[in-house]
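Enquirer:
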Amino acid sequence: MEVLKESVIILARIITIFPFFLLITQYMGKRSIGEMPIFDFLIIMTLANVVGADIADPNVNHVYTYLAIIVIPLMQRLTAYLSITHRKIGKKITFEPTLVIQDGKLLVENLKRIRYSIDNVLQMLRQKNIFDISDVEIAIIEANGQISVLKKESKLEVTIEDINLKKKSKSLSYPLIVEGKIYEDILTYLGLNRQWLIAELQRR
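Remember, our numbering sits 464 above the position in the sequence shown when you count from 1.
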């Protein structure tokens, strides 16, 4: 009899909590798991554990579960807002894209910073049918942990040599001014300086 009673409680909790949980996940944003930043993925895992504990243990107070399901997504939305509106905060709480290959060479220091091994990167390249690192112009580890790759022009599926056309070289976009602040380190990396930037702004 006790087993039947607990089974009814568990079934009732599933029926009541599932629609609410669905609404909350939609509130957090419609993205596939593969597109989620790691922080958002951890939030989803935490919510899943909270709901799982509530369903599995009838002794858990249902009110506390609802409270957790409301508060956790609100914190996620607040974190997302802060990361968008305040770049410094965003850099602390999210994973920014990291350049790991440039001109066919691994940037080992960047790999160490994000704790990726060379084997990790090579495996990710193979999954994109790239087996020779020298074919890569640039590769970036994105915020969701996936890799974005730009091949060298001579290694594209339809090459410049095949169609006998000149093609403009591709390049990355770099933020030089964010929220009124000039990023001197990016200017230095590009071989530019503050005077050049000011002159360009005045020309426009």
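Just so you know, even glycine gets a beta-carbon here, dropped at the ideal spot from N, CA and C.
Excluding five sequence neighbours on each side, which residues of the same chain lie with their C-beta closer than 7 Å to the C-beta of I488?
Expert: I533 and P537
Enquirer: Just the Cα atoms here: how many angstroms apart are R667 and L656?
Expert: 16 Å
Enquirer: Between the beta-carbon of V613 and the beta-carbon of L589, is there less than 8 Å?
Expert: yes
Enquirer: Under a Cβ-count criterion, where at least 16 other Cβ atoms within 10 Å of its own Cβ denotes burial, should A603 be classed as buried or exposed?
Expert: buried
Enquirer: Is the separation between the beta-carbon of I578 and that of I605 shorter than 8 Å?
Expert: It is a contact, given that the beta carbons lie within the stated cut-off.
Enquirer: Quick one: using the 10 Å Cβ neighbour count with 16 as the cut-off for buried, is E601 buried or exposed?
Expert: buried
Enquirer: With a cut-off of 8 Å on the beta carbons, I'd call I508 and R477 a contact; round off their distance for me.
Expert: Incorrect: roughly 19 Å between the Cβ atoms, too far for contact.
Enquirer: Tell me, to the nearest whole angstrom, how far the beta carbon of V515 is from that of F559; I am working on the premise that it is less than 8 Å.
Expert: No, V515 and F559 are not in contact; Cβ-Cβ is about 26 Å, not under 8 Å.
Enquirer: Have a look at Q659 and K576 and give me their C-alpha separation to the nearest angstrom.
Expert: Looking at the two C-alpha atoms, the distance is approximately 33 Å.
Enquirer: Just checking my contact of I481 with P522 at CB under 8 Å: how many whole Å lie between their CB atoms?
Expert: Actually they are not in contact, since the Cβ atoms of I481 and P522 sit about 13 Å apart, beyond 8 Å.
Enquirer: For A663, I'd like the list of residues in its chain whose CB is within less than 8 Å of its CB, leaving aside the five on either flank, ordered along the chain.
Expert: none
Enquirer: I believe K615 touches D599 by the beta-carbon criterion, under 8 Å. Please report the beta-carbon distance rounded to the nearest angstrom.
Expert: About 6 Å; that satisfies the 8 Å criterion.
Enquirer: Check L570 in the structure and name its three-state DSSP category.
Expert: strand
Enquirer: Over the uninterrupted alpha helix (DSSP H) stretch that includes K468, give me the two end residues.
Expert: One point to set straight first is that residue 468 is Leu, not Lys, in the sequence displayed. Bounds of the alpha helix (DSSP H) holding L468 are E466 to Y491.
Enquirer: Just to confirm, is the Cβ distance from L570 to I582 under 8 Å?
Expert: yes
Enquirer: Please report the straight-line C-alpha distance between E648 and R551, rounded to a whole angstrom.
Expert: 15 Å
Enquirer: Would you mind working out which of L506, T543 and K619 sits nearest D567, comparing C-alpha positions?
Expert: K619
Enquirer: Report the rounded CA-to-CA distance for Q540 versus L665, giving the unit in angstroms.
Expert: The straight-line gap separating the alpha-carbon atoms of Q540 and L665 is approximately 37 Å.
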